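Residue numbers (my numbering): 778 to 950. From the three backbone atoms N, C-alpha and C, an ideal C-beta is built for every residue, glycine too. Remember, predicted model here, so these are calculated numbers, not experimental data.
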Ligand SMILES: [Zn+2]
């Protein structure tokens, strides 16, 4: 079977293949240092109100909610970044960033150096708005630090960026 649908943007640093953890996964196409840009998380965007009004059934797999309340559905027009699986000990991260038009983007990048062929993971840090127990989102990442769930750790506020971008305050003399 051929996949005919073209993604909005290509992610040449990612190879999509069966995952050892869950469904399809994303693998490093080559050796990469830390903080290598992998691609933007793309797809159809929904406001918080639209997300609440929609009946998602089992289509939650590729939803990514941003800090401004918008949700990106990578199942519709998404690229290779949607195939990164969750790990409690991830080698990649998703970083929010505003573009020049004031639109909130989600950059995927490596957190540490990876080797070609490594499966790539981020920490989903899900929040269950409906109060579902952590056991509803079991984690099978198998890392020694696995917390057993894909939900965010309760003791770490998910909305506190530890490394907020600090640009040097360059001022013309
Ligand atoms: Zn885990």
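Please confirm whether residue i and residue j have their CB atoms less than 8 Å apart.
{"i": "residue 816", "j": "residue 864", "result": "no"}
{"i": "residue 904", "j": "residue 915", "result": "no"}
{"i": "residue 801", "j": "residue 849", "result": "no"}
{"i": "residue 811", "j": "residue 890", "result": "yes"}
{"i": "residue 804", "j": "residue 895", "result": "yes"}
{"i": "residue 856", "j": "residue 887", "result": "no"}
{"i": "residue 846", "j": "residue 820", "result": "no"}
{"i": "residue 920", "j": "residue 862", "result": "no"}
{"i": "residue 917", "j": "residue 798", "result": "yes"}
Taking 7 Å as the line, does the beta carbon of residue i fall inside it for any heavy atom of ligand 1?
{"i": "residue 864", "result": "yes"}
{"i": "residue 916", "result": "yes"}
{"i": "residue 902", "result": "no"}
{"i": "residue 796", "result": "no"}
{"i": "residue 923", "result": "yes"}
{"i": "residue 912", "result": "no"}
{"i": "residue 786", "result": "no"}
{"i": "residue 920", "result": "yes"}
Roughly how many angstroms separate the alpha carbons of residue i and residue j, rounded to a whole number?
{"i": "residue 790", "j": "residue 807", "result": "7 Å"}
{"i": "residue 872", "j": "residue 813", "result": "12 Å"}
{"i": "residue 834", "j": "residue 852", "result": "14 Å"}
{"i": "residue 922", "j": "residue 930", "result": "12 Å"}
{"i": "residue 906", "j": "residue 809", "result": "36 Å"}
{"i": "residue 870", "j": "residue 909", "result": "25 Å"}
{"i": "residue 794", "j": "residue 844", "result": "30 Å"}
{"i": "residue 874", "j": "residue 881", "result": "6 Å"}
{"i": "residue 841", "j": "residue 924", "result": "20 Å"}
{"i": "residue 838", "j": "residue 876", "result": "26 Å"}
{"i": "residue 913", "j": "residue 885", "result": "26 Å"}
{"i": "residue 832", "j": "residue 879", "result": "29 Å"}
{"i": "residue 788", "j": "residue 911", "result": "32 Å"}
Below 8 Å on the Cβ atoms is my guess for residue i versus residue j; work out the distance and round it to an integer in Å.
{"i": "residue 859", "j": "residue 818", "result": "7 Å"}
Original post:
Is the region 823-841 in contact with the region 891-900, if contact means three or more CB pairs nearer than 8 Å?
Top reply: no
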